[in-house]
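Engineer: The structure follows.
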Amino acid sequence: MKAATLRTFQTVHTWTGLLAGFALFVAFYAGALTVFHDDIAAWQNPPWLATADANVSNDRLIERLLSHQPDARADFGIVLPHDSSHAAYAYWEAKNGSRFATASQVDAPRTDAAENELADFVYALHDSLGLPVIGIYLMGIVSVIYGLALLSGLLIHLPQLVRDLFAMRVGHNLKRLWQDAHNAIGVISLPFHVVFAVTGALFCLFAITLAALNTVAFDGKLSEAFSRATNTTPAVTVSGIPASMLSTEVLMQRAQAEALKSGVSSFEPVYLHFVHYGDRNAVAEVMGLAQHTLGSYGTVAMSAHDGSVLATFVGNRYSVNGISYAALFGLHFGSFGGRTVQWLYFVLGLAGAFLFYSGNLLWIESRRKRRHLEQPRKTLVMARATVGVCIGSCLAISGAFVATWIAERLGVEAGLPQRVACYGLFLAACAYACLRPIAKATIELLWATAALTLLMALVDLAVNAAAMAHEWSPLAWRVIGVDLTGIALGIVFALFARAATRRAYTGDANSVWAIRPTRGDVAIRTERSQ
1 MKAATLRTFQ
11 TVHTWTGLLA
21 GFALFVAFYA
31 GALTVFHDDI
41 AAWQNPPWLA
51 TADANVSNDR
61 LIERLLSHQP
71 DARADFGIVL
81 PHDSSHAAYA
91 YWEAKNGSRF
101 ATASQVDAPR
111 TDAAENELAD
121 FVYALHDSLG
131 LPVIGIYLMG
141 IVSVIYGLAL
151 LSGLLIHLPQ
161 LVRDLFAMRV
171 GHNLKRLWQD
181 AHNAIGVISL
191 PFHVVFAVTG
201 ALFCLFAITL
211 AALNTVAFDG
221 KLSEAFSRAT
231 NTTPAVTVSG
241 IPASMLSTEV
251 LMQRAQAEAL
261 KSGVSSFEPV
271 YLHFVHYGDR
281 NAVAEVMGLA
291 QHTLGSYGTV
301 AMSAHDGSVL
311 ATFVGNRYSV
321 NGISYAALFG
331 LHFGSFGGRT
341 VQWLYFVLGL
351 AGAFLFYSGN
361 LLWIESRRKR
371 RHLEQPRKTL
381 VMARATVGVC
391 IGSCLAISGA
401 FVATWIAERL
411 GVEAGLPQRV
421 ACYGLFLAAC
431 AYACLRPIAK
441 ATIELLWATA
451 ALTLLMALVD
461 LAVNAAAMAH
471 EWSPLAWRVI
481 GVDLTGIALG
491 IVFALFARAA
501 TRRAYTGDAN
511 SVWAIRPTRG
521 DVAIRTERSQ
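Just so you know, UniProt numbering puts 27 at position 27 of the sequence shown, and the rest follows in order with no gaps.
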């Protein structure tokens, strides 16, 4: 590769990484936590704090829904709970938009399914940075830029890929060490990053892409064709003859039996969909999660009246369109391989966050003046932004956990406190990074994140110890797992804070990460040396 060409790719890699890096850091850190979505949900609502609605059966929920919202019988769904401490809730399209309700909420349904769920809030940070409407499209553009950064980075390192892949040159040259770590993590995890970039762009920009292609290339026929290719609900005509409906338990059992004939090892129902409920031709769809297959979500459609199978989209009976569509979700979220793949995706998520953080550090290190105390404004601005956004995001997410924990113990809705805590701490961290000396802000924000994360996990373990011992259940392992992970992350942040402190006082005095000695310090050191 010619030197000029190599420099061009280096420039592309640098600027695409910087443009997308801050958003991707948040997406990867929150995404690593999102892998354990159900565990975080169990942590927020452990079995010993289960709500009254958690004991209401699905059939009772349907009965209450249709008695209060009779128009919903034409088309509604039941979202099944993650575990026994959560409640199932109904979903339907009302005249004024989507509505969601547990059994006690059908009189006054919600407009947001995830308004109080911490796990869904963390997922929103991963999916759209928590920004309504515009956030999803912003992350789509970021994913495209991210793909360009991956391609340019691969072309830069391709000539010396084998030679430098595992080269970790530890020594006084910290820039070289960070460079080696950045390159090694980027190359080793490249296949996964390609998956994340492609699927992220598809998910976020899908609606825009479909609308554009529908208008430009398919004469308005693409939307209808796509709907036919991906729709799993059989078309039926209302008979007008009332009929009794099978119970949801029977429908789920028959769906599981049918799914296991399709080559999957398990089928766990997660969603029920009913069309024309109460009519003789009513349709019931059972969507379930099948492990150890890329098409992890499958559907069995049956007659809600007699249970006869109408269509099956599971395992080896998936259509080509269906398996392709479902595989994208499995690859992006790591839902196809149980705990092993979940932990792998968790580590890859944290490694991805480190990749973008280290990229910013390398940019700062490459552009600072090594023999001058005063540094260029651009390096100072980037350093403050990196500290405020990256460390501030970690602090903010830990703050959301704390706010949710307190709200649940006080018996108040957790949605508002978790958002106020998260966004408030993030903005406060950004302001703190701008006002304090860079090195001091870095150290203090790292210690604050470590303390908040550790304190939350330790307090939760201490408070729940007696309840766990008295009402032990498999769900308790999930609660303990979240707390232990929090303790581990807190220790990691503490180690980072310690390393930042050591570098601030003993590293290069001309670095932006150094604590500049005051005149009094200089006088004391001079006096001691004499």
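Backbone N, C-alpha and C fix where the C-beta goes; we use that ideal spot for every residue, glycine too.
Since the model is a prediction, treat every value here as computed from it, not as a measurement.
Measure from the alpha carbon of Arg-384 to the alpha carbon of each residue in Ala-451, Trp-513, Leu-222, Arg-73, then state which is nearest.
Structural biologist: Here the question's residue 384 lines up with position 384 in the sequence shown. Looking only at Ala-451, Trp-513, Leu-222, Arg-73, the smallest Cα-Cα distance to Arg-384 is reached by Trp-513.
Engineer: Among Met-302, Val-270, Ala-94, which has the Cα closest to the Cα of Leu-289?
Structural biologist: Reading the sequence shown from its first residue, position 289 is the one you call residue 289. For the residues Met-302, Val-270, Ala-94, the minimum Cα distance to Leu-289 belongs to Val-270.
Engineer: For Gly-130, which residues from the same chain have a beta carbon less than 6 Å from its beta carbon, with the 5 sequence-adjacent residues on both sides left out?
Structural biologist: For the purposes of this step, residue 130 is taken as residue 130 along the sequence shown, with counting starting at 1. Once the five neighbours on either side are set aside, the close Cβ partners of Gly-130 are Ala-124.
Engineer: What residues in its chain sit with their C-beta under 6 Å from that of Val-133, if we drop five residues either side in the sequence?
Structural biologist: Walking along the sequence shown from the start, residue 133 turns up at place 133. Nothing meets the Cβ criterion.
Engineer: I'd like the span of the beta strand (DSSP E) that includes Arg-99, first residue to last.
Structural biologist: Numbered from 1 along the sequence shown, position 99 holds the residue referred to as residue 99. Taken as a continuous stretch (DSSP letters only), the beta strand (DSSP E) holding Arg-99 covers 97-101.
Engineer: Flag this pair as touching only if the segment 387-401 and the segment 343-352 have three or more C-beta atom pairs under 8 Å; answer yes or no.
Structural biologist: Taking 8 Å as the limit for Cβ pairs, the verdict is that the segment 343-352 does not touch the segment 387-401.
Engineer: Helix, strand or coil for Ser-366 per DSSP?
Structural biologist: In the sequence shown, the residue the question calls residue 366 occupies position 366. Assignment of Ser-366 by DSSP, reduced to helix, strand and coil, places it in the helix class.
Engineer: Rounding to the nearest angstrom, what Cα-Cα distance links Asp-521 and Ile-515 in this structure?
Structural biologist: Sequence index remark: in the sequence shown, residue 521 carries index 521 (1-based). Sequence index remark: in the sequence shown, residue 515 carries index 515 (1-based). Because Asp-521 sits at a pLDDT of 47, beneath the cut-off of 50, its placement in the model cannot be relied upon, and the point is left open.
Engineer: If you draw a straight line from the alpha carbon of Ala-257 to that of Ser-84, how long is it in whole angstroms?
Structural biologist: On the sequence shown, position 257 is the one that residue 257 refers to. On the sequence shown, position 84 is the one that residue 84 refers to. Going from the Cα of Ala-257 to the Cα of Ser-84 covers about 23 Å.
Engineer: Kindly list the residues whose CB is nearer than 8 Å to the CB of Thr-233, restricted to its own chain and excluding five residues on each side of it in sequence; keep chain order.
Structural biologist: The residue you call residue 233 lines up with position 233 of the sequence shown. Hits under 8 Å: His-273, Val-275, Val-283, Glu-285, Ala-301.
Engineer: So what does Ala-284 bridge to, in DSSP terms?
Structural biologist: For the purposes of this step, residue 284 is taken as residue 284 along the sequence shown, with counting starting at 1. Answer by DSSP bridge pairing, in chain order: Phe-274, Met-302.
Engineer: Just curious, the beta strand (DSSP E) that Trp-92 is in, first and last residue?
Structural biologist: For the purposes of this step, residue 92 is taken as residue 92 along the sequence shown, with counting starting at 1. 89-94 is the extent of the beta strand (DSSP E) around Trp-92.
Engineer: So for Tyr-297, helix, strand or coil by DSSP?
Structural biologist: Counted from its first residue, the sequence shown places residue 297 at position 297. In this structure, Tyr-297 counts as strand in the three-state DSSP scheme.
Engineer: So does the segment 499-506 actually touch the segment 448-466, counting three or more Cβ pairs closer than 8 Å?
Structural biologist: no
Engineer: Arg-110 by DSSP, collapsed to three states: which one?
Structural biologist: To locate residue 110, count along the sequence shown from 1; it is residue 110. DSSP places Arg-110 in strand when its eight states are reduced to three.
Engineer: Let me know if Gly-298 comes out buried or exposed under the rule of 16 or more other beta-carbons within 10 Å of its beta-carbon.
Structural biologist: Residue numbering aside, residue 298 sits at position 298 when the sequence shown is read from its first letter. Classification for Gly-298: buried.
Engineer: Taking all protein chains shown into account, do 16 or more other C-beta atoms lie within 10 angstroms of the C-beta of Tyr-505, making it buried, or fewer, making it exposed?
Structural biologist: Locating residue 505 in the sequence shown gives position 505, counting from the first residue. Classification of Tyr-505: exposed, given that the 10 Å Cβ count is below 16.
Engineer: Using DSSP with H/G/I as helix, E/B as strand and the rest coil, what is Phe-36?
Structural biologist: Taking the first residue of the sequence shown as position 1, residue 36 is located at position 36. It is coil, neither helix nor strand.
Engineer: For Glu-527 and Asp-120, what's the separation of their Cα atoms in angstroms?
Structural biologist: Translated into positions along the sequence shown, residue 527 becomes position 527. Translated into positions along the sequence shown, residue 120 becomes position 120. Confidence at Glu-527 is low in this model, with a pLDDT of 46, below 50, so the placement of that residue should be treated as unreliable; the coordinate-derived value is given next. Those two C-alpha atoms are separated by around 59 Å.
Engineer: If you run the structure through DSSP and keep just helix, strand and coil, what is Pro-70?
Structural biologist: Start at 1 with the first residue of the sequence shown, and residue 70 comes out as number 70. DSSP places Pro-70 in helix when its eight states are reduced to three.
Engineer: Taking only three categories from DSSP, how would you classify Phe-76?
Structural biologist: Counting from one through the sequence shown, the residue named residue 76 turns up at place 76. Three-state DSSP puts Phe-76 in a strand.
Engineer: How would you write the range of the alpha helix (DSSP H) that Pro-442 sits in, first residue to last?
Structural biologist: On the sequence shown, residue 442 is found 442 positions in, with the first residue counted as 1. Here residue 442 is Thr; the residue named in the question, Pro, does not match the sequence. Run containing Thr-442: 438-470, per the alpha helix (DSSP H) assignment.
Engineer: Going by DSSP, which residues form a beta bridge with Thr-209?
Structural biologist: The residue labelled residue 209 in the question sits at position 209 within the sequence shown. In DSSP, Thr-209 forms no bridge with anything.
Engineer: Using a threshold of 8 Å, state whether the C-beta atoms of Thr-453 and Leu-489 are closer than that.
Structural biologist: Taking the sequence shown and counting its residues from 1, one reaches residue 453 at position 453. Taking the sequence shown and counting its residues from 1, one reaches residue 489 at position 489. In this structure, Leu-489 lies closer than 8 Å to Thr-453 by Cβ.
Engineer: Can you tell me whether DSSP reads Trp-15 as helix, strand or coil?
Structural biologist: Numbered from its first residue, the sequence shown carries residue 15 at position 15. If DSSP states are grouped into helix, strand and coil, Trp-15 belongs with the helices.
Engineer: In the DSSP assignment, the beta strand (DSSP E) including Phe-313 goes from what residue to what residue?
Structural biologist: As a position in the sequence shown, residue 313 is number 313, starting the count at 1. Element bounds for Phe-313: 309-313.
Engineer: Mark Asp-71 as exposed unless 16 or more other C-beta atoms lie within 10 angstroms of its C-beta, in which case mark it buried.
Structural biologist: As a first step, residue 71 must be located in the sequence shown, where it is residue number 71. Classification of Asp-71: exposed, given that the 10 Å Cβ count is below 16.
Engineer: Which residue wins for smallest C-alpha separation from Arg-73, given the options Ser-511, Asp-279, Trp-447?
Structural biologist: Position 73 of the sequence shown, counting from 1, holds the residue named residue 73. Here the closest residue by C-alpha is Asp-279.
Engineer: Run through DSSP, which three-state label would Arg-7 get?
Structural biologist: The residue given as residue 7 occupies position 7 in the sequence shown. Correct three-state label for Arg-7: helix.
Engineer: Below 8 Å, how does it come out for the segment 203-214 and the segment 248-266: are there three or more Cβ pairs, yes or no?
Structural biologist: no
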